[in-house]
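Here the structure comes first, spelled out in structure tokens, and everything after it is commentary.
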Amino acid sequence: MLRPVPLVELLHQPRQTLTLDFQEFLEGFDSLVPAEGSVQIAHRGTFLEVSAEANTIVTLTCHRCLQQFNHRLTLQPHEIILIRKPAEAEAAELELEMEDLVEQISPWAVFDPGDWLYQHLHLALPQQLACSEDCQGPEIPIQTESSGIDPRWAALMALQERLEG
Numbered sequence: 000m001l002r003p004v005p006l007v008e009l010l011h012q013p014r015q016t017l018t019l020d021f022q023e024f025l026e027g028f029d030s031l032v033p034a035e036g037s038v039q040i041a042h043r044g045t046f047l048e049v050s051a052e053a054n055t056i057v058t059l060t061c062h063r064c065l066q067q068f069n070h071r072l073t074l075q076p077h078e079i080i081l082i083r084k085p086a087e088a089e090a091a092e093l094e095l096e097m098e099d100l101v102e103q104i105s106p107w108a109v110f111d112p113g114d115w116l117y118q119h120l121h122l123a124l125p126q127q128l129a130c131s132e133d134c135q136g137p138e139i140p141i142q143t144e145s146s147g148i149d150p151r152w153a154a155l156m157a158l159q160e161r162l163e164g
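Heads up: the sequence shown is residues 0 to 164, going by numbering that gives the first Met the number 0.
Following this line, the structure appears as structure tokens:
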């Protein structure tokens with residue numbers, strides 16, 4: 000079961016590592032079956048090393064034909080999160096160094112593996128949603144000139160004929 004873990008608790012674990020096995024629906028993430036797998040959180044002194052193996056099945060909508068289809072999500076995320084005291088914001092402008100652009104957590108914070116996994120599941124969703132590689136989308140009937148002109152263009156066509164004639 001995924002539960003929030005205080006960083007101080009990790010220091011009392013064997014090898015300062017905690018493994019959480021889970022099989023549950025994540026709040027806010029719609030899936031057909033519960034997400035299942037394991038998350039490993041290791042306290043390495045100055046950083047947390049978080050990794051997971053997870054899978055679930057989600058229902059998506061094809062961007063081409065708008066049909067719904069099921070998609071298996073399988074992921075193995077791995078992330079390093081720096082442990083450092085939060086910086087004091089003194090000025091209106093804050094100058095950032097490259098090292099400030101990484102995930103950070105306070106030494107007294109509580110790490111939420113459920114939220115971390117929720118974020119990684121969303122990042123694992125495909126960008127282009129197609130029910131199959133050869134999906135052509137909906138068939139659009141081709142209009143020929145013999146089928147008539149759209150009445151909205153009639154005034155423009157009349158003007159064009161007057162200018163040509």
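Positions of the beta carbon are idealized from the N, C-alpha and C atoms, including for glycine.
Closest by C-alpha distance to residue i, when choosing among the options
| i | options | result |
| --- | --- | --- |
| Lys84 | Arg151, Leu65, Gln75 and Ile104 | Ile104 |
| Glu52 | Glu78, Glu8 and Cys134 | Glu78 |
| Val101 | Leu116, Ile82 and Glu160 | Ile82 |
| Ala129 | Phe24, His62 and Gly113 | His62 |
| Pro125 | Thr58, Pro112, Pro137 and Gly136 | Thr58 |
| Leu47 | His119, Leu17 and Leu25 | Leu17 |
| His42 | Pro5, Phe68, Asp149 and Leu25 | Pro5 |
| Ala34 | Leu74, Ile40, Thr55 and Gly44 | Thr55 |
| Gly36 | Glu132, Ala153 and Pro112 | Pro112 |
Local conformation of residue i per DSSP, three classes
| i | result |
| --- | --- |
| Asp114 | helix |
| Pro85 | coil |
| Arg2 | coil |
| Arg71 | strand |
| His42 | strand |
| Ala34 | strand |
| His62 | coil |
| Gln135 | coil |
| Glu160 | helix |
| Leu17 | strand |
| Leu10 | coil |
| Ala53 | strand |
Between the CA atoms of residue j and residue i - distance to the nearest angstrom
| i | j | result |
| --- | --- | --- |
| Ser50 | Ile139 | 47 Å |
| His11 | Phe110 | 15 Å |
| Arg2 | Arg71 | 24 Å |
| Trp107 | Arg14 | 19 Å |
| Phe28 | Tyr117 | 7 Å |
| Pro76 | Leu19 | 15 Å |
| Glu8 | Leu120 | 26 Å |
| Gln65 | Pro150 | According to the sequence as given, residue 65 is Leu; it is not Gln. The alpha-carbon atoms of Leu65 and Pro150 are separated by roughly 29 Å. |
| Leu31 | Thr60 | 14 Å |
Endpoints, alpha helix (DSSP H) assigned at residue i
| i | result |
| --- | --- |
| Leu128 | First-last for Leu128: undefined, no H or E at that position. |
Extent of the continuous beta strand (DSSP E) run through residue i
| i | result |
| --- | --- |
| Phe24 | From DSSP, Phe24 is part of no beta strand (DSSP E); its letter is neither H nor E. |
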